[in-house]
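Note that the sequence shown ends on residue 558 in this note's numbering; no numbers are left out. The C-beta atom is built at its ideal place from N, Cα and C for all residues, glycine as well. Here is the structure we will look at.
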Amino acid sequence: MAESLKNKNRKKNTNKRLIICSIIIILCLVTMKIFYDKASGPVSLYNPKDIDIEIPSGSSTTKIANILKENGLVNNKLVFKCKVKIEKLDGKLKAGNYIFSTGMNLEEILSKLSSGGKDGNVVKVTIPEGFELKQIAYRLDELGLVDEKKFLEVSKDISKFSDKYTFLNTIPKGYNLEGYLFPDTYEIDINASEEEIIEIMLSRFEQFYESDLKNKAEKSGLDLNKIITLASIVEREARVDKERSIIAGVIYNRLKIDMPLQVDATVQYALGERKERLLYKDLKIESPYNTYLHKGLPPAPIASPGAKSLIAAVNPSDVDYLYYVLKNDGSGEHIFTKTYEEHLEAQSKK
C-alpha cells in the first residue's frame, strides 16, 4: 500500500515537472519569437533616414552584418546572419553602393543585397506626406518614370491590386488609390511600369499597416478606408506633430454628435486646388468631399497620410474640443476650444 502511494506521488511529481518544463519551453519560444520579430524589423519606422553605404567586394556575411549594424540599419547582427542562413543567401549577397532606409526590415535589406547595388538605371524619388495622387503622378512623370495620365488610370483599377492587398477592399466602388500610396523615399528602376511602381508603394503601405496600424485599426470602430480618410484630414490640417492626435480627437468628437466636420482641406480637395483662403461661394460647392454641406467623413482620403497622422487616427487624444483655429503667429499651432462662442473669440484674437 505504502509502495503504491509512493508510486502515485512519484507520478504526480513527474507530471508536475513535465508541465513546468512545457510551460518554460513555451515561454522561451514565445520570447524568442518576439525577440526575432523585433530584431528583424526596421530600426526606425517612424522617422526613417536614407543612408549610403558601400559593401566591398569579397565581403563575408559577418562583415556585411558589421557594416549594416555600424550604420544603424539592422537591430541585431546575429539575427541578420541567421536570416541569411535561413534564406540560403550565404555567398549570394552582392558588393556595391547602396542606399538603404532605416525604415527597411531585414527581408527588404536582403532582397536589395541580393539584387545588387545602385546604378544608373535607378531613380531616387521622395513622395512627401500630404501629397495627393495627382501630385504623385506629376512628380513621377517629371522624373521620367511614368506617364502621368496612365499612372492615374491604373490607380483607378482597384481590382488589379486588391487580390494581393486585401486592405484595399474597403475602398468604395468608383474611387481610386488616393491615400494608399505610402509617402516615403523610393528607389525605382527606370524600366518599372506604372503598375509595378504602384505595387512598390502599396507594399510599403502594407508593411506599415501590418506592423503598426492593423490591431489598433480593428479596435477603432471604423473600417480602414474611414481611418485612412480621417488620417488624410489630420495630415492636411496639422502643421505641428504634437497636435495631430488632438485634431484627430476633435474630428472623432464631431462625428460622435453628428456635427459637420467643416474642414477646409476637404473643400480644397473638392475644388481641385489648394487655396490659401476659401471664399464663401467655395463652401457651397456640391461634392461628397464638402464637409460643410455633408455630415460625416468624406467617402475616401484627400491625400497620402504619413505614419504620424495614421497613428493619430487610431490614437486620438481624449479631449472635449469641438473647434480649432490656426494661430496667426507663424508657429503652425492652433487654438482649440469647446464651444462656438469660445471659437469666435479665438478667431477674433488670432
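Bridge partner(s) assigned by DSSP for residue i
i, result
"residue 394", "333"
"residue 307", "260"
"residue 545", "531"
Alpha-carbon spacing of residue i relative to residue j, whole angstroms
i, j, result
"residue 551", "residue 397", "50 Å"
"residue 526", "residue 454", "8 Å"
"residue 257", "residue 232", "39 Å"
"residue 248", "residue 449", "28 Å"
"residue 476", "residue 482", "5 Å"
"residue 556", "residue 345", "40 Å"
"residue 417", "residue 510", "18 Å"
"residue 246", "residue 320", "20 Å"
"residue 404", "residue 390", "14 Å"
"residue 492", "residue 472", "12 Å"
"residue 439", "residue 518", "5 Å"
"residue 332", "residue 392", "11 Å"
"residue 414", "residue 553", "44 Å"
"residue 521", "residue 514", "11 Å"
"residue 352", "residue 400", "11 Å"
"residue 271", "residue 336", "34 Å"
"residue 280", "residue 312", "11 Å"
"residue 545", "residue 409", "38 Å"
"residue 349", "residue 395", "15 Å"
"residue 542", "residue 534", "4 Å"
"residue 295", "residue 532", "52 Å"
"residue 229", "residue 474", "59 Å"
"residue 371", "residue 537", "48 Å"
Exposed unless 16 or more other CB atoms sit within 10 angstroms - verdict on residue i
i, result
"residue 340", "buried"
"residue 467", "exposed"
"residue 436", "buried"
"residue 265", "exposed"
"residue 434", "buried"
"residue 462", "buried"
"residue 485", "exposed"
"residue 291", "buried"
"residue 498", "buried"
"residue 225", "exposed"
"residue 382", "exposed"
"residue 263", "buried"
"residue 374", "exposed"
"residue 506", "buried"
"residue 334", "exposed"
"residue 268", "exposed"
"residue 254", "exposed"
"residue 487", "exposed"
"residue 286", "exposed"
"residue 459", "buried"
"residue 309", "buried"
"residue 234", "exposed"
Rounded distance between the beta-carbons of residue j and residue i, thought under 8 Å
i, j, result
"residue 358", "residue 384", "At roughly 13 Å, the Cβ-Cβ gap does not stay under 8 Å, so residue 358 and residue 384 are not in contact."
"residue 548", "residue 457", "That belief does not hold up - the Cβ atoms of residue 548 and residue 457 are roughly 18 Å apart, past 8 Å."
"residue 386", "residue 508", "6 Å"
"residue 282", "residue 251", "7 Å"
"residue 539", "residue 338", "Incorrect: roughly 19 Å between the Cβ atoms, too far for contact."
"residue 288", "residue 276", "7 Å"
"residue 479", "residue 490", "6 Å"
Closer than 7 Å: residue i CB and nearest the ligand COA heavy atom
i, result
"residue 543", "Of ligands this structure carries none, so the ligand COA is not represented either."
Identity of the residue in the options nearest residue i by Cα
i, options, result
"residue 516", "294, 399, 462 and 444", "444"
"residue 304", "421, 414, 410 and 323", "323"
"residue 469", "487, 496, 489 and 479", "496"
"residue 523", "380, 451, 288 and 355", "451"
"residue 307", "367, 317 and 300", "317"
"residue 464", "447, 428, 533 and 370", "428"
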